[in-house]
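Only one structure is covered here, and it is reproduced in the block below.
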Amino acid sequence: RPRLEARPPERIFFDLIINSCILVLMLSLTVEKRDINTNVGHIRKGGKMPAVFYGPTEASTAVSIPVVEFKKVWKKAGESSVIILREASGTEHEVLIHEIDIHPLTGEPRHADFYVIEKGKKVEVAVPLIFTGVSSAVKDKAGILVKVHRELKIEAAPRDLPHELTVDISKLVELSDVIHAKDIPLPKGVELKVNLDEVIASISESKEEVEEAPTAIDMSAIEVAAKGKEVKEGEGEATPAAEAKGGDKK
């Protein structure tokens with residue numbers, strides 16, 4: 726049987742520190758349960774907004790949250806980072822922002838849906854892609870960067886979910902170079918839920934537009950046509966001599 730090596734005390738202490746930091750760094754919001762019959766206008770006047778949280782094993786619960794605090798957390802978490810919802814009773818829920826209702830004129834959030842993550846289960850979310858670096862194919866060879874995807878679906882335990890994934894475009898050196906999903910570095914515990922050969926970014930060769938030379942105008946053809954028109958028009962007119970001769974016959 727293989728021997729299990731005991732972790733040294735300093736390693737255990739280090740792991741405890743890391744786990745404690747993760748818990749502190751996780752974003753959190755304090756929520757208050759609300760009566761669904763309460764006028765939401767009164768809630769908003771008090772600097773709060775209505776919200777609801779629910780999940781596979783969690784009944785739908787109506788709550789209210791401070792708008793200012795929600796906007797801060799939303800900016801940092803997006804829809805792919807885990808948030809801790811804390812009730813006044815001390816109960817905590819690990820959630821993801823599932824849906825937000827935005828005012829069409831002011832752009833302010835009016836309502837939020839939170840999805841409660843089932844404990845011990847991995848979750849599948851789409852995380853944004855951040856493109857970094859400088860591509861030689863773009864800088865030196867006049868190529869055009871084509872971003873085929875701007876987010877990718879991944880699966881991970883709630884606490885392992887990254888806020889974003891980084892795509893290094895400096896790997897695009899030649900015009901024929903391509904970055905696939907499998908080329909993107911993933912944090913520990915994160916798995917891609919797309920085809921590994923899916924193209925994420927590529928280079929398109931820029932083509933100069935060639936202006937067509939103006940068609941040469943055949944002036945001789947125009948002159949001949951003009952003369953023909955003059956002769957045809959003259960056939961219908963009587964000459965002065967013919968008019969005089971006709972007058973003598975009368």
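Basically our numbering = 1-based index in the sequence shown + 725.
Where a beta carbon is used, it is the ideal one built from N, C-alpha and C, also for glycine.
Fair warning: this is a prediction, and the values are worked out from it, not measured in the lab.
Of the listed residues the options, nearest to residue i (C-alpha basis)
i: residue 826; options: 865, 922, 777 and 885; result: 777
i: residue 848; options: 875, 819 and 869; result: 819
i: residue 864; options: 774, 894 and 874; result: 894
i: residue 785; options: 844, 883, 838 and 878; result: 838
i: residue 768; options: 856, 791 and 811; result: 791
i: residue 773; options: 845, 857, 796 and 859; result: 796
i: residue 876; options: 783, 781, 924 and 810; result: 924
i: residue 879; options: 800, 850 and 794; result: 850
i: residue 761; options: 771, 780, 789 and 770; result: 789
Sequence-distant residues of its chain with Cβ nearer than 7 Å to residue i (five each side left out)
i: residue 902; result: 862, 896 and 928
i: residue 782; result: 843
Rounded separation between residue i and residue j - CA only
i: residue 804; j: residue 823; result: 7 Å
i: residue 917; j: residue 852; result: 11 Å
i: residue 842; j: residue 798; result: 18 Å
i: residue 930; j: residue 899; result: 10 Å
i: residue 816; j: residue 926; result: 44 Å
i: residue 766; j: residue 756; result: 18 Å
i: residue 854; j: residue 813; result: 36 Å
i: residue 890; j: residue 882; result: 16 Å
i: residue 759; j: residue 845; result: 29 Å
i: residue 1001; j: residue 885; result: Here the chain comprises residues numbered 726 to 975, so residue 1001 is not present and cannot be evaluated.
i: residue 914; j: residue 806; result: 15 Å
i: residue 872; j: residue 764; result: 45 Å
i: residue 833; j: residue 810; result: 21 Å
Proximity below 8 Å, CB of residue i to CB of residue j
i: residue 752; j: residue 802; result: yes
i: residue 912; j: residue 887; result: yes
i: residue 775; j: residue 828; result: no
Cβ-heavy atom distance, residue i to the ligand FAD, below 7 Å
i: residue 910; result: With respect to the ligand FAD, the structure offers nothing, as it holds no ligand at all.
Neighbourhood of residue i by C-beta distance below 6 Å, restricted to the same chain and skipping five residues each side
i: residue 921; result: 906 and 907
Other residues of its chain near residue i: CB distance less than 8 Å, five sequence neighbours each side excluded
i: residue 808; result: 751, 752, 753, 754, 798, 802, 819, 820, 821, 822 and 839
i: residue 868; result: 860, 862, 897, 900, 928, 929, 930 and 931
Could you pull out every unbroken alpha helix (DSSP H) segment of at least 4 residues lying fully inside the region 811-868, listed in chain order?
The region 811-868 contains these whole alpha helix (DSSP H) runs: 861-864.
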